[in-house]
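Following: one structure in structure tokens, then a few remarks.
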Amino acid sequence: MIDPDKPAVGGARLKVLLHICCAPCSSATLERLQEHFDVDFYFYNPNIEPYAEFEKRAGEAERFVRAFRPDGGVRVIVADYDHEAFEAIARGRKDIPEKGERCWLCYALRMRQAALYAKAHGYDAFTTSLSISPHKSSAKINEIGMALEAELGIPFLWSDFKKKDGYHRSIQLSKLYGLYRQDWCGCIYSRRERERQKRARAAALPGPDPKAAP
Ligand code: SF4
2 MIDPDKPAVG
12 GARLKVLLHI
22 CCAPCSSATL
32 ERLQEHFDVD
42 FYFYNPNIEP
52 YAEFEKRAGE
62 AERFVRAFRP
72 DGGVRVIVAD
82 YDHEAFEAIA
92 RGRKDIPEKG
102 ERCWLCYALR
112 MRQAALYAKA
122 HGYDAFTTSL
132 SISPHKSSAK
142 INEIGMALEA
152 ELGIPFLWSD
162 FKKKDGYHRS
172 IQLSKLYGLY
182 RQDWCGCIYS
192 RRERERQKRA
202 RAAALPGPDP
212 KAAP
């Protein structure tokens, strides 16, 4: 396990593959990591639906990197849209609320692919921007990361990016760079849930006063 806020032993800048879920979450994570690490982005998110949304989020990540690091120091690797892999883990779990078992399997699916890519392509470590979201369990993400480190032999960089005001900073950077910020996590189930919440909020609003003058 590697500390995200300290240089490596000996001061070398380690090469880290950062799994990213979207441009806003990647922005503050990159800003924090680049002080001590050389970072590349790995966009592997077969959970996102529809495909147009996948393309939109990947494109925004690329646009952000071009603006934030015009020196070309950060590569964005967009992996295939392997939606069947997500469907396989979501099968029979569509009604489980966010932060439950479906999400843990979803984190693990994406982090495993990042770890495999990092190992195959000579990175020193891997991590994920997922933990910046207040809707995601950092403890679970770190548990998965440590298990992947032990299984695959690629070091995991400790992921606690919502700390140090990380989420708030991602909102600031999103405004600064005009980034698209979706209001649902990614899968069709999270989208339906967000729409249901919006309808419930709208229904709770007071209606027009019948006594009000026309
Ligand atoms: S809510 Fe998000 S983390 Fe959970 S399964 Fe859907 S896309 Fe994955």
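In the working numbering, the protein residues as written are 2 to 215. Idealized CB from N, CA, C, for every residue including glycine.
Quick check: the Cα distance between P98 and A13, rounded to an integer number of angstroms?
42 Å
Pick helix, strand or coil for V66, following the three-state DSSP scheme.
helix
Whole alpha helix (DSSP H) elements within the stretch 131-191, 4-residue minimum
139-153, 167-178
Return the first residue and the last residue of the alpha helix (DSSP H) that K120 is part of.
102-121
Any heavy atom of the ligand GTP closer than 7 Å to the beta-carbon of Y52?
No copy of the ligand GTP occurs in the structure displayed; its ligands are the ligand SF4 alone.
What residue range is occupied by the uninterrupted beta strand (DSSP E) comprising I21?
15-21
Taking the alpha carbon of A86 as the reference point, which residue from A9, A62, Y45 has its own alpha carbon closest?
Y45
V17 to H136 span [Cα, whole Å]
24 Å
Could you give the DSSP three-state label for P215: helix, strand or coil?
Low confidence applies to P215: its pLDDT is 48, below 50, so where it sits in the model is not reliable enough to give any reading.
Kindly examine the ligand SF4 and report whether one of its heavy atoms sits closer than 7 Å to the Cβ of R103.
yes
With hydrogens ignored, establish whether the beta-carbon of N143 is closer than 7 Å to any heavy atom of the ligand SF4.
no
Could you say if the stretch 174-192 and the stretch 150-164 meet the contact criterion of at least three C-beta pairs nearer than 8 Å?
no
DSSP has T128 in a bridge; who is on the other side?
L19
Between the alpha carbons of V66 and E88, how many angstroms are there, rounded?
30 Å
So C23 packs on E63, CB below 8 Å; how close in whole Å?
With 8 Å as the limit, C23 and E63 do not qualify as a contact, their Cβ atoms being about 12 Å apart.
Distance between H84 and P25 (C-alpha atoms, nearest Å)
22 Å
Quick one: give me the first and last residue of the alpha helix (DSSP H) that I90 is part of.
84-91
Can you pull the DSSP bridge partners for V40?
V17
Answer with buried or exposed for H169, where buried requires no fewer than 16 other C-beta atoms within 10 angstroms of its C-beta.
exposed
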